[in-house]
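S.K.: Could you have a look at this structure, given as structure tokens, before my questions?
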Amino acid sequence: MRILVIGSGGREHALLKGLKADPLVSQLHAAPGSAAFAQLATVHPEYSQVDDPARMLELAQAISPDLVVVGPEVPLVAGVADVLREQGFAVFGPSQAAAQIEGSKQFAKEVMAAAGVATARAEQLTPGAQDGDIEAALDRFGPHFVVKDDGLAGGKGVVVTQDRAQARAHVDAVLAAGNPVLLESFLEGPEVSLFCLVDGETVVPLLPAQDHKRAFDGDQGPNTGGMGAYTPLPWLPADGVSRIVEEVCVPVAREMVRRGTPYSGLLYAGLAWGPQGPAVVEFNCRFGDPETQAVLSLLRSPLAQVLHATATGTLAQLPPLEWEDGYAVTVVLAAEGYPAAPVKGAQITSPDLGDTAKILHAGTAAAGQGFVASGGRVLNVLGKGPQLADARAAAYAVLDQVDMPGGFYRSDIGLAAAEGQISV
Ligand code: GLY
Numbered sequence: 000m001r002i003l004v005i006g007s008g009g010r011e012h013a014l015l016k017g018l019k020a021d022p023l024v025s026q027l028h029a030a031p032g033s034a035a036f037a038q039l040a041t042v043h044p045e046y047s048q049v050d051d052p053a054r055m056l057e058l059a060q061a062i063s064p065d066l067v068v069v070g071p072e073v074p075l076v077a078g079v080a081d082v083l084r085e086q087g088f089a090v091f092g093p094s095q096a097a098a099q100i101e102g103s104k105q106f107a108k109e110v111m112a113a114a115g116v117a118t119a120r121a122e123q124l125t126p127g128a129q130d131g132d133i134e135a136a137l138d139r140f141g142p143h144f145v146v147k148d149d150g151l152a153g154g155k156g157v158v159v160t161q162d163r164a165q166a167r168a169h170v171d172a173v174l175a176a177g178n179p180v181l182l183e184s185f186l187e188g189p190e191v192s193l194f195c196l197v198d199g200e201t202v203v204p205l206l207p208a209q210d211h212k213r214a215f216d217g218d219q220g221p222n223t224g225g226m227g228a229y230t231p232l233p234w235l236p237a238d239g240v241s242r243i244v245e246e247v248c249v250p251v252a253r254e255m256v257r258r259g260t261p262y263s264g265l266l267y268a269g270l271a272w273g274p275q276g277p278a279v280v281e282f283n284c285r286f287g288d289p290e291t292q293a294v295l296s297l298l299r300s301p302l303a304q305v306l307h308a309t310a311t312g313t314l315a316q317l318p319p320l321e322w323e324d325g326y327a328v329t330v331v332l333a334a335e336g337y338p339a340a341p342v343k344g345a346q347i348t349s350p351d352l353g354d355t356a357k358i359l360h361a362g363t364a365a366a367g368q369g370f371v372a373s374g375g376r377v378l379n380v381l382g383k384g385p386q387l388a389d390a391r392a393a394a395y396a397v398l399d400q401v402d403m404p405g406g407f408y409r410s411d412i413g414l415a416a417a418e419g420q421i422s423v
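Residue numbers (numbering that gives the first Met the number 0): 0 to 423.
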């Protein structure tokens, strides 16, 4: 199988690593990829406009892949999967219409309402909203304010705060940018990321994971794209995954079919596990980053065959997924100034920079014989072990060997779970 992966971050590095391990894979390509990906795939740095369907089609026609895997949400929301499918390519990733589940928070709320899925109460404000309407809407929420840009915002769209002035400032900023904004009630309980392969009404869950979104230890600091994750979740009730599948993912998949926009690809359910069980915080239309780096490290089933079955409408015939026992942890090494203003160019040194069992490259560029930071999230360090504490120790032992001036990471990824401090 010849496969093209679209994207260039740690998630795509994890996808390429998993695909490479599938014996049916003969050739891997990445667009644009990064210098570190060249170990696994032919990289196409000249195809950096991943949200330009015509450019992605041009590359696919040049390569003739048996499968195209679209990593990030931006090309999916831009309709890249549709254009490739129209030309006969098998694509892992939803259509533009189905990707609205992430592309518009309001759309996701409408789907959930129709499907009877538990989620936060929400109100939408649109550009031009009057000061009095905004203040009245804020009065109906709090003390935790959850303010979301309706559209894609590259991880900067959500503010969760108890500071009403900060909530108001985010409302104003989103509206001033010309986008609708959602105010939501705050959902209590530990967060779960559950990724499901979806092919019409067929839903196959992967292992549940938990991300850590705040920049600093103890869930302090600004929201980020995610600073680290662990999988599976030792605190999740035994029927936790099946409840999420039955109460959330299957009803949503059916509703998408009913609307005439069936979902095909990866449906990421971001949930809070509250007193009543799972409630949806958000959906994403692609693999999560960095949870994927940990989740796929435990997958035993051949990844290319799994993604190809999803893309070609044969997911129901796929044998049950097989997983390694034990736990996996990924810790993000971020650049100085991340997330507000990451500093690029810091030299990275580590004996493990070329070992994808230990380090995946999220935002690096080649410099001389080595690598420098070229993004906010720079490396995803991996650890596995029979217990969560062992996986944590393995990941942090790799990090101890990494040097990157100004870089920082959280020291508490998976710690509360490993210490048994999370209960539902
Ligand atoms: N881990 C959060 C995300 O992928 O959106």
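Cβ atoms here follow ideal geometry from the backbone N, Cα and C, with glycine treated the same way.
(1) Quick one: does the C-beta of ASN283 sit closer than 7 angstroms to a heavy atom of the ligand GLY?
(2) Quick one, are the C-beta atoms of ALA333 and TYR408 less than 8 angstroms apart?
(3) Quick one: grab the DSSP three-state call for ARG1.
(4) Give a single yes or no on whether GLU122 has its beta carbon closer than 7 angstroms to a heavy atom of the ligand GLY.
(5) Which residues bound the alpha helix (DSSP H) around SER241?
(6) Can you tell me whether ASP424 sits near the ligand GLY, meaning its C-beta is under 7 angstroms from at least one heavy atom of the ligand?
(7) Using the rule of at least 16 other Cβ atoms within 10 Å of the residue's Cβ for burial, across every protein chain shown, is GLN99 buried or exposed?
(8) For the alpha helix (DSSP H) that contains PHE106, what are its first and last residues?
(9) If I'm right that LEU23 touches PRO301 with Cβ under 8 angstroms, what's the distance once you round it to whole angstroms?
(10) What are the partner residues of TRP322, as DSSP defines its beta bridges?
(11) Relative to the ligand GLY, is the shortest distance from any of its heavy atoms to the C-beta of GLY362 smaller than 7 angstroms?
(12) Quick one: measure Cβ to Cβ for ALA345 and ALA366, integer angstroms, because I've assumed they're closer than 8 angstroms.
(13) Return the residue from the list VAL401, LEU298, GLN304, VAL305 that minimises the CA-CA distance to GLU321.
(14) So SER263 and THR309 are supposed to be a Cβ contact under 8 angstroms. How far apart are they, rounded?
(15) Mapping DSSP to helix, strand and coil, what is CYS284?
(16) If I measure Cβ to Cβ from ASP81 and keep anything under 6 angstroms in the same chain, skipping five residues before and after, which residues do I get?
(17) Quick check on DSSP: helix, strand or coil for GLN60?
(18) Whole angstroms are fine: how far does the CA of PRO44 sit from the CA of PHE88?
M.R.: Concretely, from the data shown:
(1) To locate residue 283, count along the sequence shown from 1; it is residue 284. At least one heavy atom of the ligand GLY is nearer than 7 angstroms to the Cβ of ASN283, so yes.
(2) As a working note, residue 333 is residue 334 in the sequence shown. As a working note, residue 408 is residue 409 in the sequence shown. The answer is yes: Cβ separation under 8 angstroms.
(3) Along the sequence shown, one-based indexing puts residue 1 at 2. In the structure shown, ARG1 sits in a strand (DSSP, three-state: E or B).
(4) The residue labelled residue 122 in the question sits at position 123 within the sequence shown. No; taking the cut-off as 7 angstroms, the Cβ of GLU122 has no heavy atom of the ligand GLY nearer than that.
(5) The residue you call residue 241 lines up with position 242 of the sequence shown. Note, SER241: alpha helix (DSSP H), 239-243.
(6) In the structure as shown, the chain starts at 0 and stops at 423, and residue 424 therefore has no counterpart that could be examined.
(7) Residue 99 sits at position 100 when you count from the first residue of the sequence shown. Buried: at least 16 other Cβ atoms inside 10 Å.
(8) Along the sequence shown, read from residue 1 onward, the residue named residue 106 stands at position 107. Run containing PHE106: 104-114, per the alpha helix (DSSP H) assignment.
(9) Here residue 23 refers to the residue found at position 24 when the sequence shown is read from its first residue. Here residue 301 refers to the residue found at position 302 when the sequence shown is read from its first residue. Sure, about 7 angstroms apart at Cβ, within 8 angstroms.
(10) Position 323 of the sequence shown, counted from the first residue, corresponds to residue 322. Answer is LEU298.
(11) Counted from its first residue, the sequence shown places residue 362 at position 363. No.
(12) Sequence index remark: in the sequence shown, residue 345 carries index 346 (1-based). Sequence index remark: in the sequence shown, residue 366 carries index 367 (1-based). Wrong, their Cβ atoms sit about 10 angstroms apart, outside the cutoff.
(13) Within the sequence shown, residue 321 is the residue found at index 322, counting from 1. Of VAL401, LEU298, GLN304, VAL305, the residue nearest in Cα terms is LEU298.
(14) By 1-based counting over the sequence shown, the position of residue 263 is 264. By 1-based counting over the sequence shown, the position of residue 309 is 310. Right, the Cβ-Cβ distance comes to about 7 angstroms (below 8 angstroms), so this counts as a contact.
(15) Residue numbering aside, residue 284 sits at position 285 when the sequence shown is read from its first letter. Correct three-state label for CYS284: coil.
(16) For the purposes of this step, residue 81 is taken as residue 82 along the sequence shown, with counting starting at 1. Here the set comprises SER94, GLN95.
(17) Along the sequence shown, one-based indexing puts residue 60 at 61. GLN60 falls in the helix class under three-state DSSP.
(18) In the sequence shown, counting from the first residue as 1, residue 88 sits at position 89. In the sequence shown, counting from the first residue as 1, residue 44 sits at position 45. Taking the straight line from one Cα to the other gives about 21 angstroms.
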